[in-house]
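Just so we're aligned: 436 in numbering that gives the first Met the number 0 is position 437 of the first sequence, and the numbers increase by one with no gaps anywhere.
Below you'll find the structure, written out as C-alpha cells, and then a few comments.
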Amino acid sequence: MILPDGGERYLSTPLFKTRKKSGLRVYNTLSRKKEEFVPMQEDRVSIYSCGPTLCEVIDLVQCRRLLFSDLIGRYMEFKGYDVTHIMNVTDLDDRTIEGAEKAGVSLREFTDGFYDAFMEDLDSLNIVRAADYPRPSEHVDDMISLTEKLLEKGYAYEKLRSIYFDISRFKDYGKLSGIDLDKIRLGKTVDLDQYEKENPKDFTLLKRSTLNELKNGIFFKTKWGNVRPGWHIECAAMAMKHLGPTHDIHTSGVALIFPHHENSIAISQAITDKPLANYWVHNEPVMIDGNQPSGSSENGQLTLRDLLDQGHTGREVRYWLLSRHYRKPIFFSRAKLSAAKNTISHLDKFVQKLHYSRPGPVDPEMDQAIYALRQKFIGSMDDDFNIAAALASLFQFTRRVNKKIDQSGLSSSDREKALAALGRVNSVLGIMNFEPRLGGADEAVEELIQMREQARKAREWDKADDLRQKLLEMGIEVVDTKEGPIWQSVGTGKSKMINPKSNPALRDQNPKS
RNA sequence: GGCGGCAUAGCCAAGAGGCUAAGGCAGCGGUCUGCAAAACCGUUAUUCAUCGGUUCGAAUCCGAUUGCCGCCUCCA
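Below, the structure is given as C-alpha cells:
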C-alpha cells in the first residue's frame with residue numbers, strides 16, 4: 000500500500016487505533032512456532048510477567064527480562080492496544096524469608112527495601128510502569144482457596160500437613176517445556192529428603208511452615224495446619240486474580256519454562272479448564288563469561304547497580320540489552336557497553352542537530368524517508384520483535400536526514416515531521432533523548448562556552464583548547480558546528496545548542512514551507 | 001543420559017531457498033574545521049564453522065563433523 004501523502008497524515012492522527020489485524024507474529028513457546036497474534040479482546044492486551052524476588056537488587060539477566068516485557072508492552076501500545084501489564088514481585092519464598100531472618104528485620108520491612116530499589120532500577124532503565132506489581136504475601140487467601148479447589152477436584156493431596164500437586168493427574172503436563180517426565184534426572188538438583196511427596200516429581204502448593212517461620216510469624220492458618228505457599232501457586236493465583244482465567248501473553252526468561260511455568264499452567268488449568276495464557280514468550284538470558292569480574296549480588300551476578308556505579312548509564316544498558324533479538328543469548332562485555340554508548344551519543348547529536356539546524360528549503364523526500372522508517376520499523380517489529388532490523392530502519396533514517404541537513408538545512412515543517420516520527424519510534428525503544436536544552440542550572444557551563452567562543456574569535460587557540468579540555472573534565476563535550484557550538488553532557492546525554500545564530504526563537508524566519 | 005539452541009567482516013548483529021549479504025561499533029582515505037570532534041562522501045565478507053548432499057539456484061533445506069551454550073523440580 001503506497002499512501003499518496005507518504006503516510007504523513009498518520010503522524011497527526013491516532014496511528015493504529017482503527018487497525019483490527021495486529022499483523023504481529025509472535026514465537027509461541029507452546030507451539031515452537033511463530034503465530035499470528037490475536038488478542039482475546041480486539042483492542043486490549045493483557046500481559047503477565049514474572050518480576051524479581053525481593054531479596055536482592057536486579058542483575059543483568061533480570062534486566063533483560065524486564066526490558067523485553069517492557070518492549071512488548073510498549074510495542075502493543077504503539078499498535079494501539081490498551082495494555083494491562085501485571086508483574087509480580089516475590090516477597091514470600093525461601094530466599095526472602097531467609098534474607099529477612101539474616102537481616103534481623105520483618106519480612107515486610109526486608110522486602111519493602113528491595114521493592115523501592117527495584118522501582119528505582121526500573122526508572123534507570125526507562126521501563127514503563129506496569130499496571131500493578133502484586134505481592135504473594137497479599138494473595139495468600141487466593142492461594143488457599145485455589146488449593147482447596149485442587150483438593151476437591153483430586154489434583155492435590157495432603158501429606159504431613161503440606162499440600163502437593165499430583166502431576167500424574169494433569170494430562171497436559173509437559174506440553175510447554177516438551178519435557179519427558181520419564182527421562183528427567185531425579186534428585187540431581189533437589190534434595191529429596193526435604194519433602195515427603197508421594198511422587199518426587201510432584202510439586203508443593205502449600206508447605207508446612209518450619210519452626211523458624213512459625214517463630215517469625217511467617218505462617219498462615221489453614222485447616223491443614225500452619226503453612227506458607229510455594230512459588231508456583233503464587234504466580235498462578237496472582238495471574239488469575241488480576242487478569243482472569245486466561246491472559247494474552249505470559250512472558251519471562253527461558254529458565255522459567257520448566258518447571259515454573261509448567262506448574263503454573265497445571266494449577267490454573269486444572270481449576271479453570273482454560274489455558275493460563277495464549278502466548279508464552281520467553282527470552283534468552285545474558286551470559287557472563289567466567290573470566291569477567293563478578294558482581295556484587297549474593298551469587299556473584301553482575302547487577303544493574305554495579306554497572307551504574309562503574310559509570311555506565313541505564314540508557315546504555317537498555318540499548319545494549321534491547322539491541323539483540325530476544326531469542327538469542329547476549330554475552331556481556333564492557334566493549335559492547337561502550338559501543339552502545341557511542342551509538343546513543345550519535346543519536347543524541349542527531350536529535351540536537353535536528354533541533355538546531357540552519358533553516359533550509361522543504362525536503363521533497365522527507366515524507367518518503369518517514370514513510371520508509373515507519374514501514375520498515377513496523378514490518379520488523381511485527382516479525383516477532385525483530386529489533387535489530389527495526390533499529391536499522393532508524394539509522395537509515397538518521398543518515399538520510401543528516402545528509403540533507405548538512406547539504407541544505409532543514410525547514411521547520413520537516414523538522415517537526417522528523418521529530419514526530421522519531422518520537423513514535425522512540426515510544427517503543429525508549430532510548431532517545433529529545434530535550435532540546437537544559438534548564439538554567441548550568442550557567443557556569445554556558446559561561447565557559449561563551450569564553451571559549453570569544454577566545455576562538457580572538458584566535459587565542461591555546462586558551463580555547465584549555466577551556467574545551469576543562470569542560471570535558473566537567474563531563475561536557477563541546478561540538479562545533481556550522482551553526483555554532485553545541486554541547487553534550489557525556490554522562491547523561493543531555494545537550495544544548497548555545498549559538499544565538501541558531502536560537503530557536505529565530506526559527507520562524509525559515510523559508511515558507 | 002534426555003531435550004533444545006547457536007556458529008555471518010576486526011568486534012557486535014540482521015537476513016531463513018533467487019533483487020549488488022541490512023544496520024551498529026571500530027578502522028582507513030577525502031570534505032569541513034584554527035586544531036579536533038561531530039556530520040557528510042568513499043572504503044572494509046565473491047562469501048556466511050568444516051565436509052558432503054538436494055536444487056537451474058543454498059548463508060538459508062538435508063546429513064555428518066567440529067566448537068560453544070541453555071534446561072532437565074521448589075533457585076529466580
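For every residue, glycine included, the Cβ atom is placed at its ideal position computed from N, Cα and C.
For the pair of segments examined, the stretch 339-357 was found not to touch the stretch 90-102: the number of CB pairs separated by less than 8 Å stays below three. Look at the beta carbons and you see the stretch 265-274 touching the stretch 239-257: at least three pairs across the two are nearer than 8 Å. The beta carbons of residue 393 and residue 372 sit closer together than 9 Å. Distances from the CA of residue 208 to each of 139, 170, 197, 227 were compared; the closest alpha carbon is that of 227.
Here residue 53 is buried, its C-beta having at least 16 other C-beta atoms within 10 Å. In the structure shown, residue 138 adopts coil according to DSSP, grouped into three states. Taking the Cα positions, residue 124 is about 11 Å away from residue 67. An exposed status is given to residue 453, since fewer than 16 other beta-carbon atoms sit within 10 Å of its beta-carbon. For residue 247, the enclosing beta strand (DSSP E) has its first and last residue at 246-252.
Nearest to residue 252 by C-alpha distance, out of 49, 36, 463, is 49.
Put simply, the stretch 160-175 touches the stretch 210-230. At least three CB pairs are less than 8 Å apart. Secondary structure of residue 62 (DSSP, three-state): helix. The continuous stretches of alpha helix (DSSP H) do not include residue 129, and DSSP gives it neither H nor E. Proximity of the stretch 352-364 to the stretch 308-316 falls short of the contact definition, fewer than three beta-carbon pairs being nearer than 8 Å.
Assignment of residue 223 by DSSP, reduced to helix, strand and coil, places it in the coil class. Setting aside the 5 residues that flank it on each side, residue 175 is surrounded in the same chain by 28, 29, 256, 257, 260, 261, 264, 279, each with a C-beta closer than 8 Å to its C-beta; the list follows chain order.
Annotation: residue 225 to residue 376 spans about 54 Å, alpha carbon to alpha carbon.
As a beta-bridge residue in DSSP terms, residue 409 pairs with 358. If you look at residue 35, you'll find it in the beta strand (DSSP E) that goes 32-35. Here the stretch 60-77 does not lie against the stretch 99-116, with fewer than 3 beta-carbon pairs under 8 Å apart. Within its own chain, the residues whose Cβ lies closer than 7 Å to the Cβ of residue 61, once the five positions on either side in sequence are excluded, are 51, listed in chain order. Checking the DSSP bridge columns, you'll see residue 49 partnered with 87. Residue ranges of uninterrupted alpha helix (DSSP H) with 4 or more members, entirely inside the stretch 301-376 and ordered along the chain, are 303-308, 313-321, 333-355.
If you draw a straight line from the Cα of residue 134 to the Cα of residue 79, it comes to about 29 Å. Listed in chain order, the non-local C-beta contacts of residue 178 below 6 Å within the same chain comprise 257, local neighbours out to five positions each way being set aside. Burial is judged here by how many other beta carbons sit within 10 angstroms of a residue's own beta carbon; residue 72 has at least 16 and is buried.
Rounded to the nearest whole angstrom, the CA to CA distance from residue 400 to residue 367 is 11 Å. Using a C-beta cut-off of 8 Å, the stretch 409-425 makes no contact with the stretch 319-327, since fewer than three inter-stretch Cβ pairs fall below that distance. Our two residues, residue 478 and residue 486, have alpha carbons roughly 6 Å apart in a direct line.
Excluding the 5 residues flanking it on each side, residue 88 has same chain C-beta neighbours closer than 7 Å at 50, 51, 53, 114, 117, 132, 134, in chain order. Here DSSP, grouped into helix, strand and coil, assigns residue 383 to coil. If the five residues before and after residue 141 are omitted, its C-beta is found closer than 6 Å to the C-beta atoms of 236, 240, all from its own chain and listed in chain order.
Bridge pairing for residue 81: 43 [DSSP]. Under DSSP, residue 280 forms a beta bridge with 250.
Judged by pairs of C-beta atoms under 8 Å, the stretch 415-433 touches the stretch 345-352, as three or more such pairs exist. DSSP places residue 147 in the helix class (H, G or I) of the three-state scheme.
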